[in-house]
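Enquirer:
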Amino acid sequence: MTQAPTQGRTALLMLDYQVALCERGEHMRMPPLVEQIERRDVLAVAERTLAAARDAGLYIVHVRLAFDPSYELRTNRTARFDVYPRERAMLRDAPGARIVSALAPLPAEPVVDKGGVGAFTGTPLLEMLLGAGVRHIVLGGVATNLVVESTARHAADSGLAVTVLEDMCASFDPELHDVAVRRILPMFAAVRTAAEFAAEL
């Protein structure tokens, strides 16, 4: 008998919380995104939520943009992504590709490297989730209108129930964040706050 999407295990997916995207300093690639992350206090919210998810025994997966040295595992071939091989940026072992220290994975938490926007394309993520009995995923990440939205769409089309924690997300443009959480994401996911989610764990 096929299991209903909401009856399976829940997983927390931590999307693109990387040094180059989330922190000021020599490795910062998107100052407007970092500004919004700081303004919205995203990393602090994400840290609290991650701790609560660990305490509750949720399946936790970290997803990051990280390339192999050849850049041939890059799945996104748009002009916007041409900057990465040109600048030799976001290589998997580079400091900027690391997950921020406050959200660093525990040894038992898998890290999935992707070569495009969404978390599923070109990665084993869906098979991992289904193999672990996951039928509901909870998303937080940056940018809202990129990795979060793309991942939510793919997950919904794959039969997973999806929740997006709005205050664990930010975009380089606050208007794009607002459009995503108010108009786009509700078509594919439940949009909630991290506190609402944590209270039910």
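Numbering (UniProt numbering), first residue to last: 1 to 201. Built from N, CA and C at the ideal position, the CB exists for glycine as well. These figures come from a predicted structure and were not determined experimentally.
1) Taking the CB atoms as reference points, tell me whether M90 and Q18 lie closer together than 9 Å.
2) Name the two residues that bound the continuous beta strand (DSSP E) containing G140.
3) Under 8 Å Cβ to Cβ from L33, same chain only, skipping five residues before and after it: list those, please.
4) Taking the beta strand (DSSP E) that D113 falls in, what are its first and last residues?
5) Say whether the region 46-63 touches the region 178-187, bearing in mind that this needs 3 or more beta-carbon pairs closer than 8 Å, one atom from each stretch.
6) Counting only the same chain and skipping the five closest in sequence on each side, list residues whose C-beta sits under 6 Å from that of residue 271.
7) Less than 9 Å between the C-beta atoms of G122 and T75, yes or no?
8) Opposite L91 in the DSSP bridges: which residues?
9) Is residue 207 helix, strand or coil by DSSP?
10) Counting only runs that start and end within the region 22-89, where is the alpha helix (DSSP H) found for 4 or more residues in a row?
11) Quick one: residues in its chain with C-beta nearer than 7 Å to the C-beta of M1, no 5 flanking neighbours on either side, listed in chain order?
12) Going by DSSP, what residues sit across from L12 in a beta bridge?
13) Where R137 and L12 are concerned, what is the direct C-alpha to C-alpha distance, given to the nearest angstrom?
14) Could you pull out every residue in the same chain whose Cβ sits closer than 7 Å to the Cβ of A4, ignoring the five residues on either side in sequence?
15) Tell me, please, which residues DSSP counts as bridged to T193.
16) Is the Cβ-Cβ distance between V191 and V147 less than 9 Å?
17) Does DSSP put L165 in a helix, in a strand, or in coil?
18) What are the start and end residues of the alpha helix (DSSP H) that includes T151?
19) If I measure Cβ to Cβ from A119 and keep anything under 8 Å in the same chain, skipping five residues before and after, which residues do I get?
Expert: According to the data block:
1) The count along the sequence shown starts at 1 and reaches residue 90 at position 90. The count along the sequence shown starts at 1 and reaches residue 18 at position 18. In this structure, Q18 lies closer than 9 Å to M90 by Cβ.
2) By 1-based counting over the sequence shown, the position of residue 140 is 140. Taken as a continuous stretch (DSSP letters only), the beta strand (DSSP E) holding G140 covers 134-141.
3) On the sequence shown, position 33 is the one that residue 33 refers to. For L33, where only same-chain residues beyond five positions count, the Cβ hits under 8 Å are L21, C22, V142, A143, A170, S171, F172.
4) Locating residue 113 in the sequence shown gives position 113, counting from the first residue. Per DSSP, D113 belongs to the beta strand (DSSP E) from 111-114.
5) no
6) Within the shown structure, residues of the chain are numbered from 1 to 201, placing residue 271 beyond reach of any answer.
7) Numbered from its first residue, the sequence shown carries residue 122 at position 122. Numbered from its first residue, the sequence shown carries residue 75 at position 75. Going by C-beta atoms, G122 is nearer than 9 Å to T75.
8) Reading the sequence shown from its first residue, position 91 is the one you call residue 91. Paired residues: F67.
9) No statement about residue 207 is possible, as the shown extent of the chain runs from 1 to 201 and does not include it.
10) 31-40, 42-55, 83-87
11) Translated into positions along the sequence shown, residue 1 becomes position 1. A caution first: M1 carries a pLDDT of 29, below 50, which makes its placement in the model too unreliable to give a value.
12) Numbered from its first residue, the sequence shown carries residue 12 at position 12. I60, V138, per the DSSP bridge assignment.
13) As a working note, residue 137 is residue 137 in the sequence shown. As a working note, residue 12 is residue 12 in the sequence shown. The sequence shown places Ile at residue 137, not Arg. The straight-line gap from Cα to Cα measures roughly 6 Å.
14) Stepping through the sequence shown from its first residue, residue 4 is reached at position 4. Here the model assigns A4 a pLDDT of 37, short of 50, so the residue's position is not dependable and the matter cannot be decided.
15) Walking along the sequence shown from the start, residue 193 turns up at place 193. T193 is not bridged to any residue.
16) Taking the first residue of the sequence shown as 1, we reach residue 191 at position 191. Taking the first residue of the sequence shown as 1, we reach residue 147 at position 147. No, these two residues do not count as a Cβ contact at 9 Å.
17) In the sequence shown, the residue the question calls residue 165 occupies position 165. Three-state DSSP puts L165 in a strand.
18) The residue given as residue 151 occupies position 151 in the sequence shown. Its alpha helix (DSSP H) spans residues 149-157.
19) For the purposes of this step, residue 119 is taken as the residue at position 119 of the sequence shown. Answer for A119: L13, L15, V63, V112, L125, V147, S150, T151, H154, listed in chain order.
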